[in-house]
Amino acid sequence: MVRKHAFYWRYDTGEELELLNRLWPLVSLRCNFFTPTKKPVGYTSTVNGRRKRIYDKPATPWQRLQASGVLDAQQLSTVAARIEGFNPADLTRQINAIQMQLLDLAKTKTEALATARHIDLQSLQPSINRLAKAK
923 MVRKHAFYWR YDTGEELELL NRLWPLVSLR CNFFTPTKKP VGYTSTVNGR RKRIYDKPAT
983 PWQRLQASGV LDAQQLSTVA ARIEGFNPAD LTRQINAIQM QLLDLAKTKT EALATARHID
1043 LQSLQPSINR LAKAK
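So the sequence shown is numbered by this note's numbering: it starts at 923 and just counts up by one.
So, in structure tokens, the structure goes:
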């Protein structure tokens, strides 16, 4: 998850740390409340005898927590009220803005370090191009 949202750049300044510290709560909110995932629940065999994984219905971690019955009514209402204040599209825009700031800060020094150490960063170029278009 870290590389997906903060990429492979070198972050070592206070300004970058501040941006990363602003990024993680937003990523956590989006992943836990607005991103459904499917979980493996078992295996079955195909006609050829190969194992095939069986998944449950996609749900967000928040939906799974609600279904588990672990939280009492007050906790459920507190979290539900907090969620209502968030817009997934706004969260994504905020995350993208912070990511672009991180890229701007770290790109130059990371490329200089990679050149000095003879590291090829071309494998990351598709991700960089994709993010540059979002800017």
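Here a beta-carbon is modelled for each residue, glycine too, at the ideal position from N, C-alpha and C.
Residue 957 versus residue 981 - alpha carbon distance
Locating residue 957 in the sequence shown gives position 35, counting from the first residue. Locating residue 981 in the sequence shown gives position 59, counting from the first residue. Near 8 Å, if we compare the C-alpha coordinates of residue 981 and residue 957.
Quick check: residue 968 and residue 974, are their CB atoms within less than 7 Å of each other?
One-based indexing of the sequence shown puts residue 968 at position 46. One-based indexing of the sequence shown puts residue 974 at position 52. In contact: residue 968 and residue 974 (Cβ atoms closer than 7 Å).
Considering residue 1015, what are the terminal residues of the beta strand (DSSP E) in which it resides?
Taking the first residue of the sequence shown as position 1, residue 1015 is located at position 93. That residue, residue 1015, is in no beta strand (DSSP E); its alpha helix (DSSP H) goes 1010-1038.
Under 8 Å Cβ to Cβ from residue 1020, same chain only, skipping five residues before and after it: list those, please.
Here the question's residue 1020 lines up with position 98 in the sequence shown. Excluding residues within five positions, the ones whose Cβ falls inside 8 Å are 941, 944, 945, 948.
Tell me the DSSP bridge mates of residue 977?
The residue you call residue 977 lines up with position 55 of the sequence shown. Among the bridge pairs identified by DSSP, residue 977 is matched with 962.
Nonlocal neighbours in the same chain, by C-beta distance under 7 Å from residue 959, ignoring five residues either side:
Working through the sequence shown from its first residue, we reach residue 959 at position 37. Same-chain partners within the cutoff: 980.
Using a Cβ-Cβ cut-off of 6 Å (strictly less than) and excluding sequence neighbours within five positions of residue 976, which residues of its own chain qualify?
Numbered from its first residue, the sequence shown carries residue 976 at position 54. Hits under 6 Å: 963, 964, 966.
Does the beta-carbon of residue 1037 have 16 or more other beta-carbons within 10 angstroms, so that it is buried, or is it exposed?
Along the sequence shown, read from residue 1 onward, the residue named residue 1037 stands at position 115. Exposed, because fewer than 16 other Cβ atoms sit within 10 Å of the Cβ of residue 1037.
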